[in-house]
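A.B. asks: Per this note's numbering, the very first residue in the sequence shown carries number 4; after that it's consecutive.
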Amino acid sequence: MSSRVVTRVSVTTAIATPCVLIGLAALASNPDYGPLGAITGFVVVVVGLGVVAGLRPTWWLIGPALTLEIALLFGSVPVVRAEVLVLRGVRTPVVVTAVHSSKDRTGRVSWKCDLRREDGLPLPHAVLEGYAGCFGPFDVGRTQDLLVDPAGWVPPRAPHVDRAGLDEGIALLGAAAVLFAGLVIAAGRLNLRTAGRRAR
């Protein structure tokens, strides 16, 4: 590849991959589109990794690049959900109508609560995960205030969103994007340096 092509490919990948992964995470923050966002994100991860490997096939670049891409894709979903609820969430009284349990391979039990709004209006994604405020069968019949997205994009959650933790999450995603871009640019520069040595 010519130096112009290597530079263009590395810069485009460095900028586009993190942006596309965060955009797909925003899509996946809606449970209806979660599988689509995850599958498309996996394709983007593979393409980005292929570019890094094509520019400079060394594990000290490929391993961190893969880790950062996965962090950008899956770490962005909870950050996007929390940010949406902080910006436009409305405290809404809901009633827990049923509770479901499931066990993982280690035997740990997790809970999901079915919800309905107290005023009878529709509630998109009317399920509350255990980590978001569902703790067991004693929750049935309980009324609680949750943050609900009026547009229905993200699922409801308990109203105590840790703003400091959210800011840290945004900062970590930004750092992951910058580090990934740096790795891709470094791979491109190493490719050009190696090609220059061969040309001599």
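Beta carbons: idealized from backbone N, C-alpha and C, even for Gly.
Based on DSSP bridge pairs, tell me the residues matched to C116.
C.D. replies: Bridge partners of C116: V102, L131.
A.B. asks: Buried or exposed: which applies to A180, given that a residue is buried once 16 or more other Cβ atoms fall within 10 Å of its Cβ?
C.D. replies: A180 is buried by the Cβ-count criterion.
A.B. asks: Taking a contact to mean a Cβ-Cβ separation below 8 Å, would you say I188 touches A17 in this structure?
C.D. replies: Yes, the Cβ-Cβ distance between I188 and A17 is below 8 Å.
A.B. asks: Going by Cα to Cα distance, which pick from G123, R7, G185, T197 is closest to A19?
C.D. replies: Considering only alpha carbons, the answer is G185.
A.B. asks: Could you name the residues that DSSP lists as bridge partners for V14?
C.D. replies: Bridge partners of V14: none, in fact.
A.B. asks: Let's see if you can read the secondary structure: which residues bound the alpha helix (DSSP H) around T43?
C.D. replies: Residues 37 to 58.
A.B. asks: Between A190 and T15, what straight-line distance do the alpha-carbon atoms span, to the nearest angstrom?
C.D. replies: Their Cα atoms are separated by approximately 13 Å.
A.B. asks: Assuming V87 contacts P140 (C-beta within less than 8 Å), just tell me the rounded distance between them.
C.D. replies: That belief does not hold up - the Cβ atoms of V87 and P140 are roughly 30 Å apart, past 8 Å.
A.B. asks: Can the beta-carbon of I65 be found closer than 8 Å to that of V50?
C.D. replies: The answer is no: Cβ separation not under 8 Å.
A.B. asks: Only counting the same chain, and skipping five residues up and downstream in sequence, which positions put a Cβ closer than 6 Å to that of L69?
C.D. replies: Correct list, in chain order: L52.
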